[in-house]
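*Asks:* Going left to right, the sequence shown walks through residues 1 to 1174 as the UniProt record's numbering numbers them.
Glycine included, every Cβ here is placed at the ideal spot set by N, Cα and C.
The structure displayed is predicted, hence computed values, not measured ones.
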Amino acid sequence: MYLKKMEIVGFKSFADRTKIEFDQGVTAVVGPNGSGKSNIVESLRWVLGEQSAKSLRGGKMPDVIFAGTEKRRALNYAEVIATFDNSDDYLAGHDEDDEVVISRRLYRNGDSDFLINGKKCRLRDIHDLFTDTGLGRDSLSIISQGRIESVFNSKPEERRSIFEEAAGVLKYKNRKAETESKLASTQDNLDRLEDIIFELNGQLTPLRAQRDVALKFQGLESERVSLALSVLIAQIVNERQQYEHMKAELKTVNQELAEQAKNQSAYEAEVAGLKARRSQVESDQEKLQAENFSLTELKNQLERQIERFDLEKSSSEKSQAEREERAKELGRQVSQLEAELESLIEKQAKLEAEKSRLDQEILELEAEVQGFSESPEAASERLRTSYLELVEYEAERSNQLTRNQAELDSIRKRLSEQSESDKENQEKYEALRQELEKLEASLAELSAEIENLLEDYKSQSAKLVAMSSQEEKLSQDMYAKMDVLNKQRARLASLENIRDSHSNLYQGVRSVMQAAGNIGGIIGVVADLLTFDSKYNTAMDIALAGGSQNIITEDEQAAKRAINYLREKRLGRATFLPLTTIKPREFNRYQQISGMPGFIDLAINLVNFDDRLYNAVSSLLGTTIIVDTTDHATAIARSMGYSVRIVTLEGSQINPGGSYAGGAGKRNNTTFTSSEIEQLSKEIKISEATLKSSEQALQALQKEKTGLEERLTEARQLGEDKRFAEKSLSLQVEQSQKQKANLQALMNLSAEESGTGRMSELEVDNSAIKQELEKIAGQKAKLDQELEEVKSNSQAFNALKNTKTDSLNQAKIRQSEMAGELRHISSDSSRIKASLSQLTREIEELTSRDDLSQLDDKSREQAAAQLQETEEKLQAFAVKQVSLRFEREDLQAQMEDLEAQNQEAIQLNQELHTQKTRLELQLEQTEAGLRKAQERLVSDYEMSFDEAMAKAEALDVELDEAEGQLRRLERQIRALGPVNLEAIPQFDEVNERYEFLASQKDDLLEAKNMLMATINDMNDEVVVRFKSTFDAIRSSFQSTFSQMFSGGKADLELTSDDLLTAGVEIKVQPPGKKLASLNLMSGGEKALTALALIFAILRVRTVPFVVLDEVEAALDEANVKRFGDYMNHFDNSNQFIVVTHRRGTMAAAGAMYGVTMADAGVSKIISVRLEDHV
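#1: Quick one: what's got a C-beta closer than 6 Å to Val-9's C-beta in the same chain, skipping five residues either side?
#2: Per DSSP, Leu-1052 forms a beta bridge with which residues?
#3: Cβ atoms of Leu-649 and Phe-532: under 8 Å apart, would you say?
#4: Quick one: using the 10 Å Cβ neighbour count with 16 as the cut-off for buried, is Met-1010 buried or exposed?
#5: In whole angstroms, what separates the C-alpha of Ser-1042 from that of Thr-1140?
#6: What residue range does the alpha helix (DSSP H) around Lys-1001 cover?
#7: If you draw a straight line from the C-alpha of Ser-853 to the C-alpha of Glu-329, how long is it?
#8: Rounded to a whole number of angstroms, what is the C-alpha to C-alpha distance between Asp-541 and Gly-517?
#9: Return the CA-CA distance between Gln-426 and Gln-744, expressed in angstroms with no decimal places.
#10: Output the boundary residues of the alpha helix (DSSP H) element that contains Val-47.
#11: Between the Cα of Asp-111 and those of Thr-83, Met-61, Asp-97, spot the shortest distance and give me the residue it belongs to.
#12: Between the Cα of Ser-141 and those of Ala-1151, Phe-1123, Val-1106, Val-1162, spot the shortest distance and give me the residue it belongs to.
#13: How many angstroms separate the CA atom of Lys-182 from the CA atom of Glu-676?
#14: Compute the beta-carbon to beta-carbon distance between Leu-874 and Leu-302, rounded to the nearest angstrom, for a pair I have assumed lies under 8 Å.
#15: In whole angstroms, what is the alpha-carbon distance linking Gln-1038 and Asp-1051?
#16: Could you check what DSSP says for Val-1120 in three-state terms: helix, strand or coil?
#17: Going along the chain, which residues of its own chain have a beta-carbon closer than 6 Å to the beta-carbon of Ser-43, five neighbours each way excluded?
#18: Measure the C-alpha to C-alpha separation of Val-47 and Ile-654 and round it to an integer number of angstroms.
#19: What whole-angstrom Cβ distance do Leu-955 and Ser-222 have, given they're in contact under 8 Å?
#20: For Arg-573, name the three-state secondary structure that DSSP assigns.
#21: Flag this pair as yes or no: are the beta carbons of Met-1018 and Lys-176 separated by less than 8 Å?
#22: Measuring alpha carbon to alpha carbon, tell me which residue in Gly-1063, Asp-1109, Gly-1161 is nearest Glu-164.
#23: Quick check: the Cα distance between Leu-1091 and Gly-1048, rounded to an integer number of angstroms?
#24: Hey, out of Asn-550, Arg-160, Glu-927, Lys-5, whose CA is closest to Leu-1059's CA?
#25: Tell me, please, which residues DSSP counts as bridged to Lys-1074.
#26: Measuring CA to CA, which of Ile-636, Thr-580, Asp-631 is closest to Leu-602?
#27: With C-beta atoms as the reference, is Met-1152 less than 8 Å away from Ser-35?
#28: Taking buried to mean at least 16 other C-beta atoms within 10 Å of its own C-beta, is Thr-580 buried or exposed?
#29: Can you give me the Cβ contacts of Asn-668 inside the same chain, cut-off strictly under 7 Å, excluding the 5 residues immediately before and after it?
#30: Among Phe-945, Leu-891, Ile-1033, Glu-1112, which residue has its Cα nearest to the Cα of Ala-272?
#31: Using 8 Å for Cβ pairs, my map puts Ser-511 next to Leu-571. What's the rounded Cβ distance?
#32: Using 8 Å as the threshold, is the stretch 280 to 293 in touch with the stretch 860 to 869, meaning 3 or more CB pairs across them?
#33: Less than 8 Å between the CB atoms is what I'm expecting for Leu-997 and Leu-190, so what's the real figure, rounded?
#34: Is Asn-608 helix, strand or coil by DSSP?
#35: Kindly provide the ranges of any alpha helix (DSSP H) runs that are 4 or more residues long and lie completely inside the stretch 60 to 145, ordered along the chain.
#36: Check this for me: beta carbons of Ala-562 and Ile-519, under 8 Å apart or not?
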């Protein structure tokens, strides 16, 4: 393989597209200084993947793009295309490609493209393509201008890479680096896994305990639910049986009550019959009494007639005179009474008469006026009809007056017999009324008390519901706090483990801290010795940077012992801060910035540490300023002239000199374990206190809730007792009301039977009848007059009609005037009329005696016979009266017996009602219990009673014992304390994660072992290849050096026996000189020695091409010629591209390219094939 051609456009001075073709052998590139020769070499380095702008003589990568001249504009991109002949399949992976074209393009905006054979690829793909081909970045295949002496100026360890490239082990080295990176990543993963596993293990312990409690709870709860269902079903069945029994008992009581009601109805019917019979007997007595009274009157009259008959015979004249005198006296009394009546009721009589007259007159006049529309004949017929109706009505009212008077006499007699019984009933009624008032007052008081109890019960029930809700919230809050506390404890344990094991530290630091006891004098890591507020975590992490893992020691001897320990064990590196040598850094401009906006404080003032560590901490944080925001940081930095280091709270920093740093990325959150442990310990104490407070609050609430439930139970029982008492009292009130009503009815009946009210009615009725009779007489006379007038002539009829109309109008006016006057007089007329009636009867009697005195003896005999008949009737009436009295007394006795029996029935009825109320209340309670049980079935078990019956197991013990077992299970469940059912899935989840991570850990350990084995294998391969190549190059270098220097000695030596890390020392002795240091050699000797080494490597490992940029500039002409001749010793399998000014080199070249600048700043290429001109 060799470099076939290059195409350059826009790269540095090659503004135009330039093509350069190369042949095998030696090709020289010549031209004046500054023409752009070296740009060809750099373009080749660039296209092969060079990333250092400095190596390309630039400040930044866009500097390689043509920047323009005075006459030409700058270009926006640079592109280099290198074509390699691969006909010998030298490049792996391109066996089928005879040519491999590598392209690189860079745009001024920073975008870039890499291509292999026209296909886009990565930069790494290009590096991989040329790895171990001798064209790698660390090989000597391309030596830029002035770089030839770098072979000598580099350290032995850096010089080793040249030999590794020649040995072809660079790929192993890269793979080893990748493997070690993977190994480090694996170790980091292992460390993180161990942290997580440790944390999970800390979580598993309490979760396992909670899970065990939860599983035990589930077992007990399952047993409790099953037993509770069986007990509930048994209770429902038992309560249903009791319910049916009480229903049957209630039915019996209702039947007995119905029987009692039936008996009461029979009693009332019998009492009503007896009362009716007694009323009939009393009516018969009254009728008999009336007839007896009539007969007695008749007997007296007959006796008086007979007596008068007898007296008339002896003193007829004398008796006649006395009667006349008595009659006159009675007549005077009548006149006196009439005068008195007239004086007492004169005004009332006039007004009433006038009003009645007017009322009747108005009615009559209205009827008459209406009647005048008729003919005189019809009017006459109508008046006659009205007259006959008045006559009939007058006779009816006269007969009614006679009957009323007889009934009055009978009632007065009966009143004297009933007074004692009415007095006794009145006393009973009054006592019952007072007792009923007391019962009703007690009932109202009891109802109000029940209402208050109900309101209190509702209030307490609402409070219980609120407490239950609060209890649930407190429980959830307590469990949440428990989870937070568990996480905090797990995090604390993890941090303490990290701190104790130092797993968060670099390997070297960790190794020293683990061996601190043996080393001695180790105080600790800076990060572990500082504490500060957690809000400064980010700022302190940035402020300390790597200094957070510096180790503070007592003195420098301890630091040296630790360094020796690390070097001997090859455990890495660490930085030490001996307290005896470390110097503090003081900030002297504090007053200048302390008042500026955003200034927080110096970093050293924000951390806490032991006073003796001041120098060490001050050296790290003494001059670092902490500011709140980037804007404030910029203002402070500007005022300080960008001379101090400033860090913001979010992690941005401004360094001395004005550079800024910031951004975000993954940050080790376990750096400051001590600070976090201190903060976490405080948080754990707070969490424990809050958890304890939550537990106490929950316990107090549960205690209060239990007390409230007990009070509610007591209140419910008290309310039921009060309701039962209310039912009983209501029944007593109802019974008393019935008794009172019965007594009232009896008293009313007695009053009706006594006739007191009837007497008043009769007297009023008699007075009214008499007044009506007087009016009727006046109406008859008036009708007679009207009939006469109607008969006289029709003209008179019309005149009468007009007269009637005027009279009607006048009467209506008078009627309205008298309406108010008639309200003031109405009382004494009845008394006077009664007296007049009595005197009238006596006068009539005297008159009748006068008539009797005229009877003859025959009349006396008739009277005597009639008297005898009357006496016989009276005797018969007396017998019948006695019989009726006995019958009435017997009926009264029967009624009293029935009343006594009824009192017993009433007592029994009251007891039955009390029993009924009790049974109804018990039934209501049982129904409520059954409903509650049914609701529990639906809410707790979501099943019907039939489903529950089918699912529930039969109790193998008595119900009381089963209820005791259920209570014991509930106590066992309560004894478990708070139960976290989520602990079961949480434990399974955490345990599954723990086992998964444990398996991951095993996988990582296995991968780690495999990586270690791979590294060992690669190390063995590298050792073998490096050793063989080094020996071959060493031998070749010895001979090549002698040839190049025409004598002298040279050798290559390894700096150590470790072939993996040993550096390469170059030992040379030019002819006539002793072996000396390379630094004592001249520039030409160094250049010739370096070329000898290059040629020695080429003799051992063929390199497709070598590019040398003025490497022979320091050689004299003889050595230049020797250099050119030596290049020609290689066959065409080696290709040399040499940038030179020396003729000897040009003479050795087979082809030559000239680089010129016809236009200032723009390179051009001209080529000459010397073989064609020689």
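*Replies:* So, from the data block:
#1: Contacts found: Arg-17, Glu-79.
#2: According to DSSP, Leu-1052 bridges with Ile-1066.
#3: no
#4: exposed
#5: Cα to Cα, the separation comes out at about 24 Å.
#6: 983 to 1045
#7: Residue placement at Ser-853 cannot be trusted, given a pLDDT of 48 that sits under 50; what the coordinates show is reported in the next sentence. C-alpha separation (whole angstroms): 20 Å.
#8: Straight-line Cα distance between these residues: approximately 28 Å.
#9: The straight-line gap from Cα to Cα measures roughly 9 Å.
#10: 37 to 47
#11: Met-61
#12: Closest by alpha carbon: Val-1106.
#13: 30 Å
#14: With 8 Å as the limit, Leu-874 and Leu-302 do not qualify as a contact, their Cβ atoms being about 11 Å apart.
#15: 6 Å
#16: helix
#17: Ile-8, Phe-11, Val-80
#18: Their Cα atoms are separated by approximately 37 Å.
#19: At roughly 17 Å, the Cβ-Cβ gap does not stay under 8 Å, so Leu-955 and Ser-222 are not in contact.
#20: coil
#21: By the CB criterion at 8 Å, Met-1018 and Lys-176 fall inside the cutoff.
#22: Gly-1063
#23: 15 Å
#24: Arg-160
#25: Answer is none; Lys-1074 lacks a bridge partner.
#26: Ile-636
#27: no
#28: exposed
#29: Confidence at Asn-668 is low in this model, with a pLDDT of 48, below 50, so the placement of that residue is unreliable and no value is reported for it.
#30: Leu-891
#31: 4 Å
#32: The stretch 280 to 293, when compared against the stretch 860 to 869, does not touch it at the 8 Å Cβ threshold.
#33: Wrong, their Cβ atoms sit about 11 Å apart, outside the cutoff.
#34: strand
#35: 123 to 130
#36: yes
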